[in-house]
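Read in order, the letters of the sequence shown correspond to residues 10 to 62 in this note's numbering.
Ideal Cβ placement from N, Cα and C applies to all residues, glycine included.
Here the structure is a predicted model, which means the values were calculated and not measured.
To start, the structure itself, in structure tokens.
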Amino acid sequence: MRNRPPREFFKTTCTACGKECEVPFKPTEGKPVYCRECYAIHAPPREDRRRRF
């Protein structure tokens, strides 16, 4: 098993619905941030979310 530190979450406001939520990354000013429910609606299709190396 890996010994990872606990994941840090950041409080923010959903761009779409205005609900307060927590995300596992530091939000960048000017980029949209969605809560779990709104992300399901606004997320790109799965084939577009592949890693590109």
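Just measuring C-alpha positions, the residue of A52, E46 and P54 sitting nearest C26 is E46.
For E56, no alpha helix (DSSP H) encloses it, and the DSSP letter there is neither H nor E. Separation of P53 and C44 (C-alpha to C-alpha, rounded to the nearest whole angstrom) is 15 Å. The shortest C-alpha to C-alpha distance from P36 to any of R55, T21 and R16 is the one to T21.
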